[in-house]
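Structure representation (structure tokens):
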């Protein structure tokens with residue numbers, strides 16, 4: 008189940024942060040995100056939701072890891088909105104933060 012959760016997280020990441028680069032229609036991407044959020048919240052089992060939360064937690068830990076022996080860490084590459092996205096999913100808020 009963890010592999011599927013990782014794949015779903017990657018897909019959501021792509022829809023949220025790479026759709027312009029890939030050429031996805033913005034309206035379609037928003038509808039897809041909303042549809043997936045509804046599915047996760049209403050049709051996923053508790054175990055499936057937990058697997059997705061765990062996937063987001065692991066991803067966040069990879070992004071925020073301590074520098075290696077050469078001083079490398081991807082922390083500075085993680086944009087604030089990407090961090091919020093992962094934190095929301097890791098905490099079980101699958102529809103993301105409120106838009107201002």
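Residue numbers (this note's numbering): 8 to 107. Note that the Cβ used here is the ideal one computed from N, Cα and C, for glycine as well. Because the structure is a prediction, the values reported are computed rather than measured.
- Short of 8 angstroms from the beta carbon of residue 53, and not among the five residues preceding or following it, lies no beta carbon of its own chain.
- When the Cα atoms are used, residue 98 and residue 77 turn out to be separated by approximately 32 angstroms.
- Nearest Cα to residue 36 within the set 49, 19, 88: 19.
- Residue environment for residue 91: exposed (fewer than 16 other C-beta atoms within 10 angstroms of its C-beta).
- Going by DSSP, residue 24 is part of the alpha helix (DSSP H) stretching over 9-24.
- For residue 77, there is no enclosing alpha helix (DSSP H), as DSSP gives it neither H nor E.
- A direct Cα-to-Cα measurement between residue 46 and residue 85 gives close to 27 angstroms.
- Taken through DSSP and simplified to helix, strand or coil, residue 34 comes out as helix.
- In this structure the stretch 54-63 lies against the stretch 11-26, because at least three pairs of beta carbons, one per stretch, are closer than 8 angstroms.
- By the Cβ-count criterion, residue 24 is exposed, with fewer than 16 other Cβ atoms from all chains shown falling within 10 Å of its own Cβ.
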